[in-house]
Amino acid sequence: MTENKPANPLEMIAYVLSQQIEDGEIVYIGTGLPMVAGILAKKTHAPNLTLVYESGAQNPISGAMPWSVGGPATWRKSPMILEMSYSFGQMYNGYVDKAFLGYAQIDMYGNVNTHMIGGDFHNYKNRLTGSGGNNDLSSLARHLILVGLQNPQKFVKNLDFMTSVGFLNGGDSRAKAGLVGGGPQAVITSAGVYDFEPETKRMRIKSLHPGVSPELAQLATGFELLKPSGEIPVTPLPTKEIIEILRKEVDPGGVFTSMPS
Amino acid sequence: MGKFAYNKEVLANLRIDEKETHLLDRLLDYESARAAHEKKNHAAVDKRLSIQEAIAEYVKPGDILTDTGFAYVRTPIVSYLEIIRQNIKGLQNIGSPATNQSYMTNFGIVTHSHWSYCGAEMRGTDRNMSRNVKAGKTKILSEWSHGSMAQGFKAAQLGLPGVYSKQMLGSDLIKYNPFVKVVENPMKSEKDPCLFIPALYPDVTIIHVHQADMYGNCRIYGPVINDAAIAAAARKVIITAEEIVPPSAMRSDTKNVVIPFQYVDAVVEMPYGALFGSMPGLYYWPRRFWEKMLRYWAYKEGAIDEWYDLVIKGCKDQFDIIDKMLGGSKWMAYAKRLTKAEEYDNEDIGVDFHYKEWTLDDPNPDDLSV
Numbered sequence: 077m078t079e080n081k082p083a084n085p086l087e088m089i090a091y092v093l094s095q096q097i098e099d100g101e102i103v104y105i106g107t108g109l110p111m112v113a114g115i116l117a118k119k120t121h122a123p124n125l126t127l128v129y130e131s132g133a134q135n136p137i138s139g140a141m142p143w144s145v146g147g148p149a150t151w152r153k154s155p156m157i158l159e160m161s162y163s164f165g166q167m168y169n170g171y172v173d174k175a176f177l178g179y180a181q182i183d184m185y186g187n188v189n190t191h192m193i194g195g196d197f198h199n200y201k202n203r204l205t206g207s208g209g210n211n212d213l214s215s216l217a218r219h220l221i222l223v224g225l226q227n228p229q230k231f232v233k234n235l236d237f238m239t240s241v242g243f244l245n246g247g248d249s250r251a252k253a254g255l256v257g258g259g260p261q262a263v264i265t266s267a268g269v270y271d272f273e274p275e276t277k278r279m280r281i282k283s284l285h286p287g288v289s290p291e292l293a294q295l296a297t298g299f300e301l302l303k304p305s306g307e308i309p310v311t312p313l314p315t316k317e318i319i320e321i322l323r324k325e326v327d328p329g330g331v332f333t334s335m336p337s
Numbered sequence: 003m004g005k006f007a008y009n010k011e012v013l014a015n016l017r018i019d020e021k022e023t024h025l026l027d028r029l030l031d032y033e034s035a036r037a038a039h040e041k042k043n044h045a046a047v048d049k050r051l052s053i054q055e056a057i058a059e060y061v062k063p064g065d066i067l068t069d070t071g072f073a074y075v076r077t078p079i080v081s082y083l084e085i086i087r088q089n090i091k092g093l094q095n096i097g098s099p100a101t102n103q104s105y106m107t108n109f110g111i112v113t114h115s116h117w118s119y120c121g122a123e124m125r126g127t128d129r130n131m132s133r134n135v136k137a138g139k140t141k142i143l144s145e146w147s148h149g150s151m152a153q154g155f156k157a158a159q160l161g162l163p164g165v166y167s168k169q170m171l172g173s174d175l176i177k178y179n180p181f182v183k184v185v186e187n188p189m190k191s192e193k194d195p196c197l198f199i200p201a202l203y204p205d206v207t208i209i210h211v212h213q214a215d216m217y218g219n220c221r222i223y224g225p226v227i228n229d230a231a232i233a234a235a236a237r238k239v240i241i242t243a244e245e246i247v248p249p250s251a252m253r254s255d256t257k258n259v260v261i262p263f264q265y266v267d268a269v270v271e272m273p274y275g276a277l278f279g280s281m282p283g284l285y286y287w288p289r290r291f292w293e294k295m296l297r298y299w300a301y302k303e304g305a306i307d308e309w310y311d312l313v314i315k316g317c318k319d320q321f322d323i324i325d326k327m328l329g330g331s332k333w334m335a336y337a338k339r340l341t342k343a344e345e346y347d348n349e350d351i352g353v354d355f356h357y358k359e360w361t362l363d364d365p366n367p368d369d370l371s372v
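So the sequences go chain by chain: A and B.
Going left to right, the first sequence walks through residues 77 to 337 as my numbering numbers them.
Going left to right, the second sequence walks through residues 3 to 372 as my numbering numbers them.
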């Protein structure tokens, strides 16, 4: 990893995700790229950020990239570690500003599948991990940010299983189902940044990464993407300094941000 | 035991026959859990047993067993290996996470699963579990999120029939969970759907702790996850402890004492009892073991038999695992150095966390020492 190389797609996702964080916030972190983004934000524009993890870890001091959301780096010198039920409870009670989550499949309303791919509950192609904290964060977070790769197998018209509810069937259906919190605020992918149109709650292009056209983004999507009025902004790239912090200080081993060879 | 009113549609979705609902009842059966708790010896007595004795006495075929700790953090994996050795069949498994049920489904040990998460994060998909569920080696009895299952255990610890939750609403999880019901908030004048989650009472739990006294008072350092709640709920509680301390140690320093002795049936001294997982403050994961588990032993049909030969037949206890699979005393020093440096109890400048991930074409596939 030389310092002059531009950000690879995973580094780009981590950077854009980190930009969703404002200083002073409390952010609930899932495994993988969310950990990278949270730590990057803390080392750059959001030093007063508090990271919390589903294992109950609260506000660790900076250190090595966590190998797991249950590992010592997530509670490195934490003043306290909450039991799991209390850790999710603080989200219902309004103490968590944002939650970062991954997906195996996502639909146009930001609903998420992490259960199974292909077929049905009993006769599937692959069974995945299940909800873990995914459903809890989607159900309760004030603002939910979803993150992952974008292709027609992942951005699908119909989920094979709805693990977690984003905007359910659109409109006010999320609130009617009894869920609290604002639902998904953004989806960050290898192609761009998406938000949700306020009335229909359908996914809409917010910005596309350099070199990605709206046609290409649509080709990578199994449902119709809404477009903003006017020109589609290009997602700003990370500066050289930020790439260097990412590579040297945040994920020096490339655990989550090196591209599979 | 009272009768329980399960949602018929959910039973049909899970393909649970109405004659099979007895499989579900005990998890909700407060009366029998309370009776089991009443029947225990409530005096503080010496409860120390060997792991062989504790498993033989307290884990019975068909029991609902919990997974405790956090997947591969402070999880009593060495005790699960003893359950496999004693070939205790037909267990139900519940836990959030419940990662360790996977290898127990291969040998008829776990045949029914309550699911919130099974896997090891970025190490890869657990294809072993995916195959075994599809093949019917284990049957899924309920789907949960971490937080909602945690609320069920917490309700039991609090001594409540259940809790009203705001999780799982609207999702497919509630179509595949016979234990929860959507109800209206009785205190609101407008509609306010909530999820009723009943208190959950597993039959038996094994919890690995840092210190226990011979009566069963337990100290846990690091994340407690759901274990304080599960210890209060379970009908039978086995504690395995890295060390046994005198009762006066619990009285003179009450910090992190989270399980009181009265819940506990057996206390087992078991250093390195969380292997192949990590133990906060004491030892780091053998990371390449988990990668090999997900990328090889779980990946291909039959490969888990090699794991069985190595781990169950080839090792009689955790010391054998350390000596034969992880590299002996060097691993012990290395694993302690990493965990204490990552926790910043020890200086971390100069401590090298770098290692080579285990891959299918690994030049040293048997090297699991980092």
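Just so you know, even glycine gets a beta-carbon here, dropped at the ideal spot from N, CA and C.
Keep in mind the model is a prediction, meaning the values are calculated, not measured.
Which residues mark the beginning and the end of the alpha helix (DSSP H) in which residue i is found?
i, result
"B/Leu16", "Lys10 to Leu16"
"A/Phe164", "Met160 to Tyr168"
"A/Gln349", "As shown, chain A starts at 77 and ends at 337. That puts residue 349 of chain A outside it, with no answer to give."
"B/Met334", "Ser331 to Glu344"
"A/Ile319", "Lys316 to Ile321"
"B/Glu271", "B/Glu271 -> not in any alpha helix (DSSP H); beta strand (DSSP E) instead, spanning Ala268 to Glu271."
"B/Val135", "Arg129 to Lys136"
Check the C-beta distance from residue i over to residue j and give it rounded, since I have them as a contact under 8 Å.
i, j, result
"A/Asp271", "A/Ala262", "5 Å"
"A/Leu177", "A/Met192", "That pair is no contact at about 18 Å."
"B/Val75", "A/Gly146", "4 Å"
"A/Ser131", "A/Ile115", "The pair is not a contact, with the Cβ atoms about 16 Å apart (cut-off 8 Å)."
"A/Ser207", "B/Ser115", "Not a contact, Cβ separation roughly 14 Å."
"B/Pro110", "B/Asp69", "Residue identity check: residue 110 of chain B is Gly in the sequence provided, not Pro. With 8 Å as the limit, B/Gly110 and B/Asp69 do not qualify as a contact, their Cβ atoms being about 18 Å apart."
"B/Arg289", "B/Tyr357", "6 Å"
"A/Ser283", "A/Ile308", "7 Å"
For the beta strand (DSSP E) that residue i lies in, which residues bound it at each end?
i, result
"B/Lys183", "Lys183 to Glu186"
"B/Met170", "Careful: B/Met170 lies outside any beta strand (DSSP E) and carries neither H nor E."
"A/Phe272", "Gly268 to Phe272"
"B/Glu145", "Lys141 to Glu145"
"A/Ser283", "Met279 to Leu284"
"A/Val223", "His219 to Val223"
"A/Gln261", "Pro260 to Ile264"
CA-CA distance, residue i and residue j?
i, j, result
"B/Lys91", "B/Val270", "22 Å"
"A/Met77", "A/Met141", "Because the pLDDT at A/Met77 is just 47, under 50, the model does not fix this residue reliably, and the value given afterwards should be weighed accordingly. In a straight line, the C-alpha of A/Met77 is about 17 Å away from that of A/Met141."
"A/Glu300", "A/Glu275", "16 Å"
"B/Thr77", "A/Ala180", "27 Å"
"B/Met295", "B/Ala45", "43 Å"
"B/Arg36", "B/Ser280", "33 Å"
"B/Tyr298", "A/Gly330", "22 Å"
"B/Pro365", "B/Glu293", "14 Å"
"A/Gln166", "A/Glu317", "35 Å"
"A/Tyr200", "B/Leu67", "27 Å"
"A/Thr190", "B/Ser191", "35 Å"
"A/Asp183", "A/Gly254", "20 Å"
"B/Arg129", "B/Glu20", "30 Å"
"A/Arg152", "A/Pro136", "5 Å"
"B/Phe6", "B/Asn95", "20 Å"
"B/Pro188", "B/Gln169", "17 Å"
"B/Lys139", "B/Leu93", "12 Å"
"B/Asn134", "B/Thr107", "7 Å"
"A/Glu291", "A/Lys233", "17 Å"
"A/Gln95", "A/Asn210", "21 Å"
Residue j and residue i - do their beta-carbons sit closer together than 8 Å?
i, j, result
"B/Ala268", "B/Lys49", "yes"
"B/Ile199", "B/Ser250", "no"
"A/Phe231", "A/Thr297", "yes"
"B/Ile246", "B/Gly218", "no"
"B/Leu83", "B/Ile306", "no"
"B/Gln213", "B/Glu244", "yes"
"B/Tyr285", "B/Ala234", "no"
"A/Asp99", "A/Asn124", "yes"
"B/Ile57", "B/Ser34", "no"
"A/Asp212", "B/Ser147", "yes"
Could you work out which residues of chain C lie near residue i, taking near to mean beta carbons separated by less than 8 Å?
i, result
"A/Ile137", "Among the chains of the structure shown, chain C does not appear; the protein chains present are A and B."
Can you find a heavy atom of the ligand NAD that lies under 7 Å from the Cβ of residue i?
i, result
"A/Gly195", "This structure does not include the ligand NAD; it has no bound ligands of any sort."
Any chance you could list the beta strand (DSSP E) runs of at least 3 consecutive residues sitting entirely within the stretch 176-264 of chain B, in chain order?
The qualifying runs are 183-186, 195-200, 206-214, 238-246 and 259-261.
Any chance you could list the alpha helix (DSSP H) runs of at least 4 consecutive residues sitting entirely within the stretch 72-124 of chain B, in chain order?
Entirely contained in the stretch 72-124 of chain B, the alpha helix (DSSP H) runs reaching 4 residues are, in chain order, 79-87 and 103-106.
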